[in-house]
Amino acid sequence: MSRYAGDFADLEDPQMSLSFNAIVFELTSRCNAQCKMCYQAAGPKGSTYVGDVALKLEDTISVLEQARNIPGLPDRVHFGGGEGFLDQQMMYGVIAYARQLGFRDVTAVSNCFWGVSETRANQVAEKLAEAGLSQMEISWDVWHAPYVKAERVATAIRALHRAGVETNLRLLTTKSVRGHEAFDMLGRDIIEALDEIAIGNVLPTGKAAEEFPHDELYGGQNLDAGCMSNLNLTINPAGKVAPCCSGADQTEALCFGDVRTDRLVDIVERMNESALLSDLVRRGSRSFLELLREQGFDVPEDDAFLGPCHACWTVFSDPEKANAVKRVLEVVEKESVVEWATSYFNAEPA
Ligand code: SF4
Ligand code: SF4
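Residues -5 to 344, numbered by the working numbering, are exactly what the sequence shown covers, in order.
What follows is the structure in structure tokens.
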């Protein structure tokens, strides 16, 4: 038996039930901005990782319909990009249709570039309210500022508030950028039009892993920490389905199917049966780093990683490393099945 068998908890019983917080649609890989911390590396010509792609309306509608018939999937759907509001008609349509299908929470995210004037912002906000948007997440901070002026964002937030759409300002921080800078640019009285402010850390995945010195980013999370509580069933702009929108969605290795060709129910089943995913989400990413070192890869010591997502990105965004992990797990899985079958068929009847 392979030396790794004991290290992977679920190979003998990989069947599990993943639990997702939301179904996330990344409608496009394009964005009017090119923020330094964008883990997707989105921009006007698409993303470095998934190319210049967008979900088709019919595929989005089909996934929404299928999701309503799969037990255990969440009642929350979230629409993002890139910048999903580059196609505002599509955004209004999918929000309204999700509502019509009975999703309880329907949220979206935007950098609010469309807040060009009070009149225009009111039009967009009123259409979103009419479509049934539960909450708008406003993704904006100092790294967005060179691309989307603070005045536009403030105009959009006020229009959303007037239209009765809940607003959530999402600010990202690093050790030297703490969030109040962005708040000051918006004007502190913007607080009156905000229902929620969410402050998060720039994660060292995707472009952010390359653009920021690692000692500038917050970290320290245990590499053995599983991520089950952070999962979102994510359909990326190329139609590929991943277990989260924290970096896995930008890799090939952690995508488990394509909504353009596969049924959603089969993709979810594939995820639930994956020994690799089971181990990753329950026990963190440390064992994969160890496995790669054993396979001769030059992988930094554990303390160089800022948390499970950073390690996960390092392993699974590199096809060579990801394939090495998959090859080893396939061997271990086969050995486990043979061992189980041998003991089962050799057992004396009760
Ligand atoms: S606005 Fe959002 S999607 Fe666009 S580049 Fe910035 S972080 Fe990425
Ligand atoms: S560890 Fe990987 S799969 Fe888990 S949330 Fe982070 S990026 Fe996603």
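Cβ atoms here follow ideal geometry from the backbone N, Cα and C, with glycine treated the same way.
Thinking alanine 123 and alanine 157 are a contact (beta carbons under 8 Å), I'd like their distance in whole angstroms, please.
Residue mapping note: residue 123 aligns to position 129 of the sequence shown, counting from 1. Residue mapping note: residue 157 aligns to position 163 of the sequence shown, counting from 1. That pair is a contact at about 4 Å.
Does the beta-carbon of glutamine 34, which I'm using as the reference point, lie nearer than 7 Å to any heavy atom of ligand 1?
One-based indexing of the sequence shown puts residue 34 at position 40. For glutamine 34, the CB falls within less than 7 Å of some heavy atom of ligand 1.
Pull up the distance between the alpha-carbon of leucine 12 and that of methionine 222, whole angstroms please.
Here residue 12 refers to the residue found at position 18 of the sequence shown. Here residue 222 refers to the residue found at position 228 of the sequence shown. Those two C-alpha atoms are separated by around 7 Å.
Is cysteine 239 near ligand 1, judged by its Cβ being under 7 Å from some heavy atom?
Along the sequence shown, one-based indexing puts residue 239 at 245. No, the beta carbon of cysteine 239 sits no closer than 7 Å to any heavy atom of ligand 1.
Name the one or two DSSP bridge partners that methionine 130 has.
Start at 1 with the first residue of the sequence shown, and residue 130 comes out as number 136. For methionine 130, which the question treats as bridged, DSSP gives the partners Ala102 and Thr161.
Sort out for me which residues DSSP pairs glutamate 190 with in a bridge.
Position 196 of the sequence shown, counted from the start, is the residue given in the question as residue 190. Per DSSP, Asn162.
Given the structure, does serine 279 come close to ligand 2, in the sense that its CB is under 7 Å from one of the ligand's heavy atoms?
The residue given as residue 279 occupies position 285 in the sequence shown. Set against 7 Å, the gap from the CB of serine 279 to the closest heavy atom of ligand 2 is smaller.
Ligand 1 and asparagine 162: does any heavy atom of the ligand fall closer than 7 Å to the residue's C-beta?
Translated into positions along the sequence shown, residue 162 becomes position 168. No, the Cβ of asparagine 162 stays beyond 7 Å of every heavy atom of ligand 1.
Identify the continuous alpha helix (DSSP H) that holds threonine 228 and give its terminal residues.
On the sequence shown, residue 228 is found 234 positions in, with the first residue counted as 1. Run containing threonine 228: none in the alpha helix (DSSP H); it sits in the beta strand (DSSP E), 227 to 229.
Among Pro38, Asp69, Leu225 and Gly301, which has the Cα closest to the Cα of leucine 283?
Position 289 of the sequence shown, counted from the first residue, corresponds to residue 283. Of the candidates Pro38, Asp69, Leu225 and Gly301, the one whose C-alpha sits nearest the C-alpha of leucine 283 is Gly301.
List the residues that DSSP assigns as beta-bridge partners of serine 41.
Indexing the sequence shown from 1 puts residue 41 at position 47. Note: serine 41 sits in a beta bridge opposite Gly45.
Just list the residues that DSSP pairs valine 18 with in beta bridges.
As a first step, residue 18 is located in the sequence shown; it is residue number 24 there, counting from the start. Valine 18 is bridged to His72 and Thr228.
I need the DSSP call for valine 196, collapsed to helix, strand or coil.
Within the sequence shown, the letter at position 202 stands for residue 196. If DSSP states are grouped into helix, strand and coil, valine 196 belongs with coil.
Using a 10 Å radius around the Cβ and a threshold of 16 neighbouring Cβ atoms, would you call arginine 146 buried or exposed?
Taking the first residue of the sequence shown as 1, we reach residue 146 at position 152. Under this definition arginine 146 is a buried residue.
Go ahead and pull the three-state DSSP assignment for threonine 149.
Against the sequence shown, residue 149 aligns to sequence position 155. DSSP places threonine 149 in helix when its eight states are reduced to three.
Aspartate 252 bridges to which residues according to DSSP?
Counted from its first residue, the sequence shown places residue 252 at position 258. Lys234.
Looking at the strands, I want to know which residues DSSP matches up with threonine 167.
Locating residue 167 in the sequence shown gives position 173, where the first residue counts as 1. Partner(s): Asn195.
Jot down the residue ranges of each uninterrupted alpha helix (DSSP H) in the region 250 to 319, minimum 4 residues, whole runs only, in chain order.
Every alpha helix (DSSP H) stretch that sits fully inside the region 250 to 319 and reaches 4 residues is listed by chain position as 258 to 267, 269 to 277, 280 to 288 and 302 to 310.
Within 7 Å: the Cβ of threonine 199 and any heavy atom of ligand 2?
Here the question's residue 199 lines up with position 205 in the sequence shown. Yes, Cβ of threonine 199 sits closer than 7 Å to a heavy atom of ligand 2.
Going by C-alpha distance, which of Val259, Ala150, Arg172 and Thr161 is nearest arginine 62?
Numbered from 1 along the sequence shown, position 68 holds the residue referred to as residue 62. Nearest option by C-alpha distance: Val259.
Please list the terminal residues of the continuous alpha helix (DSSP H) segment that includes alanine 202.
Taking the first residue of the sequence shown as 1, we reach residue 202 at position 208. Start and end: 201 to 205.
Please report the Cβ distance between threonine 22 and proline 231, rounded to the nearest whole angstrom; I am assuming they are in contact, meaning their Cβ atoms lie under 8 Å.
For the purposes of this step, residue 22 is taken as residue 28 along the sequence shown, with counting starting at 1. For the purposes of this step, residue 231 is taken as residue 237 along the sequence shown, with counting starting at 1. Their Cβ separation, rounded to whole angstroms, is 5 Å, which keeps threonine 22 and proline 231 in contact under 8 Å.
Looking only at its chain, what residues have a beta carbon closer than 6 Å to the beta carbon of tyrosine 141, apart from the 5 residues adjacent to it on each side?
Looking up residue 141 in the sequence shown gives position 147. Cβ contact annotation for tyrosine 141 (same chain, cutoff 6 Å, sequence separation greater than five): Ala27, in chain order.
If you draw a straight line from the alpha carbon of alanine 187 to that of valine 319, how long is it in whole angstroms?
Taking the sequence shown and counting its residues from 1, the one referred to as residue 187 is at position 193. Taking the sequence shown and counting its residues from 1, the one referred to as residue 319 is at position 325. When the Cα atoms are used, alanine 187 and valine 319 turn out to be separated by approximately 48 Å.
Determine the direct distance from the alpha carbon of histidine 208 to that of proline 198, and round the result to whole angstroms.
Counted from its first residue, the sequence shown places residue 198 at position 204. Counted from its first residue, the sequence shown places residue 208 at position 214. Going from the Cα of proline 198 to the Cα of histidine 208 covers about 8 Å.
Across which residues does DSSP place arginine 24 in a beta bridge pair?
Mapped onto the sequence shown, residue 24 falls at position 30. Gly37.
Please report how far the alpha carbon of glycine 76 lies from the alpha carbon of glutamate 329, in whole angstroms.
Taking the sequence shown and counting its residues from 1, one reaches residue 76 at position 82. Taking the sequence shown and counting its residues from 1, one reaches residue 329 at position 335. So the two alpha carbons sit approximately 42 Å from each other.
Any heavy atom of ligand 1 closer than 7 Å to the Cβ of histidine 138?
As a first step, residue 138 must be located in the sequence shown, where it is residue number 144. Histidine 138: yes, Cβ under 7 Å from ligand 1.
If I measure Cβ to Cβ from arginine 164 and keep anything under 7 Å in the same chain, skipping five residues before and after, which residues do I get?
Translated into the one-based positions of the sequence shown, residue 164 becomes position 170. Excluding sequence neighbours, arginine 164 sits near Glu131, Ile132, Ser133, Ala192 and Gly194.
Among Ser104, Leu127, Lys30 and Asp135, whose alpha-carbon lies nearest the alpha-carbon of aspartate 178?
Sequence index remark: in the sequence shown, residue 178 carries index 184 (1-based). Aspartate 178 has its Cα closest to that of Asp135, out of Ser104, Leu127, Lys30 and Asp135.
Taking all protein chains shown into account, do 16 or more other C-beta atoms lie within 10 angstroms of the C-beta of leucine 267, making it buried, or fewer, making it exposed?
Position 273 of the sequence shown, counted from the first residue, corresponds to residue 267. According to the sequence displayed, residue 267 carries glutamate and not leucine. By the neighbour-count rule (16 or more Cβ atoms within 10 Å), glutamate 267 is not buried but exposed.
Within 10 angstroms of the Cβ of threonine 336, are there 16 or more other Cβ atoms? Answer buried if so, exposed if not.
Residue 336 sits at position 342 when you count from the first residue of the sequence shown. Exposed, by the Cβ-count rule.
Kindly indicate which residue of Arg254, Ala305, Leu286 and Thr255 has the alpha-carbon position closest to the one of valine 275.
As a position in the sequence shown, residue 275 is number 281, starting the count at 1. Closest option to valine 275, Cα to Cα, is Ala305.
What's the C-alpha gap between serine 311 and glycine 251?
As a position in the sequence shown, residue 311 is number 317, starting the count at 1. As a position in the sequence shown, residue 251 is number 257, starting the count at 1. Roughly 17 Å separates the two Cα atoms.
Is it buried or exposed for glycine 200, if we count other Cβ within 10 angstroms and need 16 for buried?
Translated into the one-based positions of the sequence shown, residue 200 becomes position 206. Buried, since its Cβ has 16 or more Cβ neighbours within 10 Å.
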